[in-house]
Amino acid sequence: MELYIHYKELPDGLSLEDFVGELNEVLDDTGVVCGGEDFRLDLELEDEKVNPKYAQMAVKAYLQRAGFSKETAVEIGGMEIGIYE
Numbered sequence: 143m144e145l146y147i148h149y150k151e152l153p154d155g156l157s158l159e160d161f162v163g164e165l166n167e168v169l170d171d172t173g174v175v176c177g178g179e180d181f182r183l184d185l186e187l188e189d190e191k192v193n194p195k196y197a198q199m200a201v202k203a204y205l206q207r208a209g210f211s212k213e214t215a216v217e218i219g220g221m222e223i224g225i226y227e
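If you read the sequence shown in our numbering, its first letter stands for residue 143, the second for the next number, and so on.
Take a look at the structure:
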């Protein structure tokens, strides 16, 4: 299953490379960053191993801790949800 992160900008002091690396750590063996485009990262979740909603919650918690803006959203299954909702 795919999860997309839509963001307007990276928090101060966070590079794109650090962002990708930290997300891969958060996902551990339940998923991986697999691409993206301007202001969007694409993640592939291993839904056979764990319920994708748990990965979505972990990603949202990471984005909040990292200081992403309230305009940042996570999209899964065609549904986009703000990280502070």
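Quick reminder that beta carbons are idealized off the backbone N, C-alpha and C, glycines included. All figures in this text were calculated on a predicted structure; none of them were measured in a lab.
Collapsing the DSSP output to three states places residue 158 in a helix.
With contacts defined by Cβ atoms closer than 8 Å, residue 223 and residue 205 do not form a contacting pair. Comparing alpha-carbon positions, the option among 215, 195 and 211 lying closest to residue 172 turns out to be 195. A Cβ-Cβ separation of about 20 Å leaves residue 159 out of contact with residue 211 under the 8 Å criterion. Of the candidates 219, 227 and 208, the residue whose Cα lies closest to the Cα of residue 153 is 208.
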